[in-house]
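Residue numbers (my numbering): 336 to 558. Virtual Cβ for every residue (Gly too), placed ideally from N, Cα, C. Please read these numbers as outputs of a predicted model, since none were measured by experiment. The structure appears right after this line, and notes come after that.
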Amino acid sequence: MCSCCYCSSRTPHPSVSLSRCVGTGVIIVGVGMLQGTGRRLFSTFALNPETTVAPHGPPRGLINRYVSMGLPPWAAWCNKINRYSLYRMSGVAPRTLLPKAPHEMDVIWLNERVRERVRTSRGVQNVYRQLKYPYVKTGIHYSDVLCHWVQVPMVEAAMFEVERDGGFDNFVLKRSGPELRSTYGERVRRHILVRQKEIRKNFVLDQQAKHLADAICGEVLSL
Numbered sequence: 336m337c338s339c340c341y342c343s344s345r346t347p348h349p350s351v352s353l354s355r356c357v358g359t360g361v362i363i364v365g366v367g368m369l370q371g372t373g374r375r376l377f378s379t380f381a382l383n384p385e386t387t388v389a390p391h392g393p394p395r396g397l398i399n400r401y402v403s404m405g406l407p408p409w410a411a412w413c414n415k416i417n418r419y420s421l422y423r424m425s426g427v428a429p430r431t432l433l434p435k436a437p438h439e440m441d442v443i444w445l446n447e448r449v450r451e452r453v454r455t456s457r458g459v460q461n462v463y464r465q466l467k468y469p470y471v472k473t474g475i476h477y478s479d480v481l482c483h484w485v486q487v488p489m490v491e492a493a494m495f496e497v498e499r500d501g502g503f504d505n506f507v508l509k510r511s512g513p514e515l516r517s518t519y520g521e522r523v524r525r526h527i528l529v530r531q532k533e534i535r536k537n538f539v540l541d542q543q544a545k546h547l548a549d550a551i552c553g554e555v556l557s558l
């Protein structure tokens with residue numbers, strides 16, 4: 336008879352996030368502590384998972400709802416589900432403008448494809464839409480190269496990346512096209528590159544004009 340807390344009771348101590356008995360080896364994950372006897376778990380979870388213990392028991396009646404929303408099958412065992420946990424489980428890339436690739440978006444919003452979920456009240460009269468990715472917002476940033484404000488639909492996490500990169504121009508120029516995942520981002524990148532070439536050309540022309548003006552002033556003063 337095994338004496339581990341997982342086998343003795345299905346409700347382990349709150350300080351223990353995962354305990355499992357595999358044959359003779361007991362693996363216990365506690366508060367930042369891993370003890371093993373040579374056996375390995377068959378699957379591991381990411382840090383801070385939505386589940387308190389390993390998936391077990393019935394799927395609590397959520398499998399139809401969340402699997403139909405396109406979430407992975409283990410979403411049926413999730414405990415605390417809110418808007419942000421749904422947003423995290425839907426496979427969002429935090430460093431891009433849009434959470435999914437353009438061909439994976441369903442509904443066009445601000446000329447970008449963003450997936451929406453349609454809900455109805457008990458009376459079918461009013462049908463209102465809700466964004467599948469509620470954390471997609473219209474980011475308003477100032478472009479130093481364009482000397483203008485730019486509006487781009489983007490993820491909230493991308494706004495923090497803009498601050499880390501030191502501005503919207505650096506954020507756009509630092510990332511490739513597939514990584515940016517946005518037609519607006521590609522268009523803004525094109526405008527920024529053209530404006531950069533214009534700025535360099537104007538700088539060279541200004542330098543040539545200054546040298547020419549100095550030469551003319553020298554010739555006039557010599558007369």
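Determine the direct distance from the alpha carbon of residue j to that of residue i, and round the result to whole angstroms.
i, j, result
"residue 499", "residue 492", "11 Å"
"residue 476", "residue 503", "6 Å"
"residue 526", "residue 481", "8 Å"
"residue 483", "residue 540", "23 Å"
"residue 530", "residue 536", "10 Å"
"residue 538", "residue 550", "18 Å"
"residue 421", "residue 542", "56 Å"
"residue 511", "residue 534", "23 Å"
"residue 424", "residue 409", "10 Å"
"residue 494", "residue 552", "51 Å"
"residue 472", "residue 528", "25 Å"
"residue 532", "residue 416", "49 Å"
Could you check how far apart the C-beta atoms of residue i and residue j are, in whole angstroms? I think they sit under 8 Å.
i, j, result
"residue 515", "residue 432", "6 Å"
Does the Cβ of residue i have 16 or more other Cβ atoms within 10 Å, making it buried, or fewer, making it exposed?
i, result
"residue 474", "buried"
"residue 413", "buried"
"residue 554", "exposed"
"residue 558", "exposed"
For residue i, I'd like the list of residues in its chain whose CB is within less than 7 Å of its CB, leaving aside the five on either flank, ordered along the chain.
i, result
"residue 506", "496, 497 and 500"
"residue 547", "none"
"residue 513", "none"
Identify, in the order they occur along the chain, each residue of the same chain with its Cβ nearer than 6 Å to the Cβ of residue i, setting aside the five sequence neighbours on each side.
i, result
"residue 622", "Lying before the first or after the last residue shown, residue 622 is absent from the chain, which here runs from 336 to 558."
"residue 478", "485, 503 and 504"
Hey, is residue i's beta-carbon within less than 8 Å of any beta-carbon in chain D?
i, result
"residue 544", "Note that chain D does not occur in the displayed structure, where there is just one protein chain."
**Asked** Three or more C-beta pairs closer than 8 Å, one from the segment 514-522 and one from the segment 479-488: is that the case here?
**Response** yes
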